[in-house]
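Peer 1: In my numbering, the protein residues as written are 1247 to 1404.
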């Protein structure tokens, strides 16, 4: 179907609005952004305390076929600076030991203070063939947040 024959319609509160097509939707596909360097970590000085990493960051996870997708975000710039320095691929693999032998890719998303990990092959061939208790990796983010690590006390909220 030609794109100019299809339109988008949004209905809010019973009122219909037609969404105008953008030139990029009708033209050539967009090129992906060039790779960006990882966000430089920010040292958060001062004392640390053993605490669940979830006291500092939020997380959400799920499946993408046989891969798990794990997003971790921070509420402040300071916490994001610590997160980017602390939660490397190697550190993630040490915290989630079942990922130790798997390929893990990390993507920094500084505009939303987040880091995303794709854990290749964690779910085997996908949810239908996985024998994991958490076959869709929906609990993986909370599992990470429960891990006890050394957290700068300056980042903990009372």
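Just so it is clear, CB atoms sit at the ideal spot from N, CA and C, and this is done for glycine as well.
(1) For residue 1324, which of 1303, 1343, 1335 and 1340 has the nearest alpha-carbon?
(2) Less than 7 Å between C-beta atoms, sequence neighbours within five positions excluded: which residues of the same chain meet that for residue 1401?
(3) Assess contact between the region 1382 to 1399 and the region 1302 to 1318, defined as three or more Cβ pairs (one per stretch) separated by less than 8 Å. Is contact present?
(4) Rounded to a whole number of angstroms, what is the C-alpha to C-alpha distance between residue 1257 and residue 1248?
(5) Assuming residue 1264 contacts residue 1391 (C-beta within less than 8 Å), just tell me the rounded distance between them.
(6) Roughly how many angstroms separate the alpha carbons of residue 1266 and residue 1355, rounded to a whole number?
(7) Secondary structure at residue 1301, three-state DSSP: helix, strand or coil?
(8) Should residue 1271 be labelled buried (16 or more other beta-carbon atoms within 10 Å of its own) or exposed?
(9) State the start and end residues of the unbroken alpha helix (DSSP H) segment that holds residue 1338.
(10) Provide the residue span of the beta strand (DSSP E) that contains residue 1407, from first to last.
(11) Taking 6 Å as the limit between beta carbons, can you name the residues of its chain near residue 1253, skipping five residues before and five after?
(12) In the DSSP assignment, find the unbroken beta strand (DSSP E) run with residue 1314 in it and report its ends.
(13) Check for me: the beta strand (DSSP E) holding residue 1289 runs from which residue to which?
(14) Taking only three categories from DSSP, how would you classify residue 1248?
(15) Assign residue 1325 to one of three DSSP states: helix, strand, or coil.
(16) Please classify residue 1254: does DSSP put it in a helix, a strand, or coil?
Peer 2: Inspection of the coordinates gives the following:
(1) Residue 1324 has its Cα closest to that of 1303, out of 1303, 1343, 1335 and 1340.
(2) The residues are 1290, 1302, 1324, 1325 and 1328.
(3) Touching, yes, given that three or more Cβ pairs across the two stretches are closer than 8 Å.
(4) Cα-Cα distance, rounded: 24 Å.
(5) Taking 8 Å as the upper bound for CB-CB distance, residue 1264 and residue 1391 are not in contact here, some 42 Å apart.
(6) In this structure, the alpha-carbon of residue 1266 lies about 29 Å from that of residue 1355.
(7) Looking at residue 1301 - three-state DSSP - the assignment turns out to be helix.
(8) Unreliable positioning characterises residue 1271 in this predicted model, as indicated by a pLDDT of 49, which lies under 50. A coordinate reading is not provided.
(9) Per DSSP, residue 1338 belongs to the alpha helix (DSSP H) from 1335 to 1341.
(10) Not covered by the structure: residue 1407. The range shown for the chain is 1247 to 1404.
(11) Correct list, in chain order: 1264.
(12) For residue 1314, the enclosing beta strand (DSSP E) covers residues 1313 to 1319.
(13) From DSSP, residue 1289 is part of no beta strand (DSSP E); its letter is neither H nor E.
(14) Annotated three-state conformation of residue 1248 is coil, per DSSP.
(15) Here residue 1325 sits in helix by DSSP.
(16) Strand, per DSSP.
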